[in-house]
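Down below is the structure, laid out as structure tokens.
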């Protein structure tokens, strides 16, 4: 029997990956350890879960594109330009025409109770529509990665659902990074319903133990195991406890590579 991981790898085989969701500007007070209110120097870079995933894939040398939207201003142009400089294909990064704005985050680089402020009112990335999804040549893709935040609001939610439908028709595997951010959702109950439903539809759900508990309403490990028994490849992350890979009725455990943390959020 062919395992889910083998099917995904076979389909990937040099084809580009599409990541769907938010990309924004991250701003850091310098030097590291400086509090925002004490800062006289700031540096910026592209951020956001989907943007970070796309950049990481590009750094590994694999072709990758981002489906998102940015505002028609300097922040939006900075994000699109920076993604391109990292090697991310931005042909599906659309420019909004309304009052939406690209996400902006101010984050301290310290392990001592860092202050993180994220501005996402009328977030531009949530403005992608089913029409944007239908403009994608899904048959040419190796995989699609959707982050949970992209499911938190319309019309982005419907765009993601349409993309999953198209992927199913094309035999393209879909990865769901649960990426639960409480402030992005109207309520935990809404998040549970939408994210659990999507986790059951995709070929590779990815999340940590707390996220699986949330979407399962408790008993997240059993929920993850059930997805694997249903034919999915499941990555069940446990922080310092490493990661369990569940598929085909079996599991493998991957330990951690311990490093000195710089900050307890994002990529650390």
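In this note's numbering, the protein residues as written are 11 to 278. We put the beta carbon where it would ideally sit given N, CA and C, even for glycine.
By a beta-carbon distance limit of 8 Å, residue 32 does not contact residue 71. Their separation comes to about 24 Å.
Here the alpha carbon of residue 248 sits roughly 33 Å from the alpha carbon of residue 95.
The three-state reading of DSSP puts residue 210 in helix, counting H, G and I together.
In the three-state DSSP reduction, residue 30 falls in the strand class (E or B). Comparing alpha carbon positions, the residue from 164, 198, 143 and 190 closest to residue 172 is 143.
When only Cα atoms are considered, residue 88 and residue 34 end up about 9 Å apart. For residue 103, the uninterrupted beta strand (DSSP E) run begins and ends at 103-105, by DSSP. Under DSSP, residue 253 shares a beta bridge with 247 and 264.
Contact between residue 185 and residue 153 holds, with the beta-carbon distance rounding to 6 Å and staying under 8 Å. Annotation for residue 42: 119, 120 and 272 place their beta carbon closer than 8 Å to its own, counting only its chain and skipping 5 residues before and after. Inclusion of residue 256 and residue 238 in the CB contact set at 8 Å is warranted, their separation being smaller than that value.
A distance of 8 Å or more separates the beta carbons of residue 188 and residue 207.
Under the three-state reduction of DSSP output, residue 111 falls in the strand class.
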